[in-house]
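Comments concern the structure below.
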Amino acid sequence: MLNYYIYILLEGVNMKKVISIILSISLLVSLCAVSAQAARRGIDLSYAVASDLHYNVPDEELEWFSEDPIYGYANRRAAMENESGLIIQEMLNQVAADKNIDFLLVSGDLADNGKSILEEHEAVAAMFKDFEETSGKQVYVVPGNHDYGNPGEYCVTDAAKFREIYAEFGYDQAIEEEGLSYIADLGEKYRLIALDSNDPSKSTEDGMTNDKVNWVIDQAQRAYDDGRYPILMMHHNLLDHMPMQRVLSHDFIIRNHTDTANKWANAGIRLVFSGHEHCSDATTHTSPAGNQISDFATTSLTMYPLQYRFIEMNDDEISYKTKTVDKIDTDALTAAVDGYSQEQIDAMNNGLNAFAKEYLKNGVEYRLERGFNDEQLGIKPSDIYYDLVRGAVDALNDVLNLPLYGEGSAQELARKYNIEIPESDYKDGWDVATELVSAHYAGSEHYPLYERDVKILLLTMSLVIKEEFAFLDDQIIFQAAGALIAANGVENMDAILDMVTDETEGVTAAEYFIVALASPLLQSFANDDGVDDNRGVITGYGVNDQMTNMGNNLLEGTLNVADFLYTMLRYFIKILNIWMK
Ligand SMILES: [Fe+2]
Ligand SMILES: [Fe+2]
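Structure representation (structure tokens):
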């Protein structure tokens, strides 16, 4: 039986090589084509995109959530609420001053408590109005899930109120409106389709319907009929911005996202701007008919990395970069809010971006520690692995809080089990974990699963199993790990298994379990897909690559399947080997 698996495995390798060679040749051909097009100049459209402003009226006095003397006021959302207005103002100042930027798109969540606190919307609209008047540049908005709802006890902003407050920021420029969606021309060649993707009765989930999907298709067709290229903006994500987003973060990506992406790509939409997930991420999808559509998720402006996008485009190319807010008016901040120490203000003035990163890490830790509940973990008491996961997660929190190095440290504990945690500057496991989460938000993540940082985290986590579940029969742990792997459809299991094997001389059931538990999450946060999130160039609307795309799509699909089979087979062989020992 084992020989049979090895035979299939070798077949898989050869097949993979052949496919890789074909793919490399076709990539080379398409790269030559792109560099020939790069000999261009002349920009047709040049603009900024910001998202998820989450404006908050600042507190009168600073509220503390943990003991850290500088960042201890980081809240559950890790959003810089007190500073939000000043960050938005700084972004608007930069956009106003930049002569290369002609207008500003904002893809929703304008006000943090926009449904219930009208004052927040009014403050944002006032900043936009001042910006438009002084710069002469237009702002176009769409609502996010924080911005309006059905009128009720807590909700004061309904659709009509939102439309009224933001009338001057897209709706007055609209050629046509449909609810809170609208279309407006951009420059000579383009048209904005601003889609309201929300359901006013829901807090986070999208409100996409067939009617909305078809409305976009009709508007795209109409744009082409009028000689214009359609650009789409909506709050919810169209494409996955992390592997398994539909599983791990399902309220953030629209329902039927692949089907909708195919339809909109085939309708000639190439460019989509979204927000909501608060990560900086670019993803390109090719429909089976060979049409490409890219969804650029823009991070929340008022959270690390305090970024917005800058786009320049013509027929041939769409180039994108990110711009950063690295300072705010701290005098205005201390005038509005009591309780900031000079140390905090100095830290902000030394570079707001670095400050925002530490603030985020503190906020994420605060949030995750409190978010390790069954629902967030996706487990229920009837699951075969429930007791294991529940116990492991509780113990995990304890281990992540241990200092990594020195007396009574995780490193010291690990040595009892012949596990060597590599040296680093990290303070504790939480420090490593939140570093990986902040990399996810900032985009362009580059943490291969075998890299030191990931290794430290995994080895620290495996201690939990060693300590907590030493009494459990290996067979039960294997079973649970198998169930978790099956439930998650994990890729790249090999890299992690190899790493664990190297470190610990042979894989134990406990290590298998921690790998099965951790790898889908790590993979989601620590690994990026092929498209650069923050800086790059994609094909413009005027280039028809349908046939090439169709060919590449087919090859990539085949490669993915081959990769998956290869990984799974190797995994099974390892399991079989261990069982046979
Ligand atoms: Fe948001
Ligand atoms: Fe949102």
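Position 117 of the sequence shown, counted from 1, bears residue number 116 in numbering that gives the first Met the number 0, the numbering being contiguous throughout. Note that beta-carbon positions come from the ideal geometry of N, C-alpha and C, so glycine has one too. Since we're looking at a predicted model, the values are computed, not measured.
Given residue i as reference, the closest of the options once Cα atoms are compared
i, options, result
"residue 257", "186, 181, 236 and 279", "236"
"residue 142", "98, 203, 184 and 283", "203"
"residue 533", "252, 55, 433 and 306", "306"
"residue 411", "439, 394, 334 and 462", "462"
"residue 549", "252, 181 and 288", "288"
"residue 178", "198, 90 and 63", "198"
"residue 262", "112, 211, 80 and 147", "211"
"residue 459", "96, 41 and 420", "420"
"residue 116", "57, 133 and 239", "57"
"residue 80", "181, 149 and 303", "303"
"residue 84", "122, 451, 102 and 112", "122"
"residue 51", "434, 279, 404 and 137", "279"
"residue 359", "301, 276 and 545", "301"
"residue 110", "104, 103, 102 and 119", "119"
"residue 547", "68, 183, 285 and 260", "285"
"residue 531", "384, 296, 132 and 67", "296"
"residue 369", "397, 404, 540 and 173", "397"
"residue 266", "538, 539, 362 and 221", "221"
"residue 196", "147, 264 and 437", "147"
"residue 434", "60, 474 and 355", "355"
"residue 226", "200, 208, 186 and 214", "186"
"residue 260", "231, 104, 275 and 406", "231"
Check: residue i C-beta below 6 Å from any heavy atom of ligand 1
i, result
"residue 205", "no"
"residue 51", "yes"
Closer than 6 Å: residue i CB and nearest ligand 2 heavy atom
i, result
"residue 143", "yes"
"residue 275", "yes"
"residue 108", "yes"
Supposed contact pair residue j and residue i - C-beta distance, whole angstroms, cut 8 Å
i, j, result
"residue 535", "residue 319", "6 Å"
"residue 194", "residue 233", "4 Å"
"residue 164", "residue 124", "5 Å"
"residue 332", "residue 82", "6 Å"
Beta strand (DSSP E) segment containing residue i, residue limits
i, result
"residue 106", "Looking at the DSSP string, residue 106 is not in any beta strand (DSSP E), and its letter there is neither H nor E."
"residue 47", "44-49"
"residue 437", "Premise fails: residue 437 lies in the alpha helix (DSSP H), 428-441, not in any beta strand (DSSP E)."
"residue 232", "228-232"
"residue 636", "What is shown of the chain runs 0 to 580, which leaves residue 636 out entirely."
"residue 270", "270-273"
"residue 316", "316-323"
As assigned by DSSP and simplified to three states, the class of residue i
i, result
"residue 180", "strand"
"residue 283", "strand"
"residue 502", "At residue 502, the pLDDT of 46 sits below 50, so the modelled position is not reliable; the number obtained from the coordinates is stated separately. Looking at residue 502 - three-state DSSP - the assignment turns out to be helix."
"residue 151", "coil"
"residue 546", "helix"
"residue 29", "With a pLDDT of only 35 at residue 29, under 50, the local geometry of the prediction cannot be trusted, and the value read off the model is given with reservation. Helix, per DSSP."
"residue 363", "helix"
"residue 288", "coil"
"residue 294", "strand"
"residue 93", "helix"
"residue 462", "helix"
"residue 190", "strand"
"residue 206", "coil"
"residue 354", "helix"
"residue 606", "Residue 606 cannot be examined here, being either before or after the span of the chain that is shown, 0 to 580."
"residue 403", "coil"
"residue 102", "strand"
"residue 72", "coil"
"residue 170", "helix"
"residue 144", "coil"
"residue 368", "helix"
"residue 422", "coil"
Boundaries (first-last residue) of the alpha helix (DSSP H) holding residue i
i, result
"residue 309", "Element bounds for residue 309: not the alpha helix (DSSP H) but the beta strand (DSSP E), 306-312."
"residue 257", "256-265"
"residue 389", "385-400"
"residue 76", "Looking at the DSSP string, residue 76 is not in any alpha helix (DSSP H), and its letter there is neither H nor E."
"residue 127", "117-134"
"residue 216", "209-224"
"residue 164", "158-164"
"residue 329", "329-335"
"residue 347", "341-348"
"residue 238", "Per DSSP, residue 238 belongs to no alpha helix (DSSP H) and is neither H nor E."
"residue 412", "409-414"
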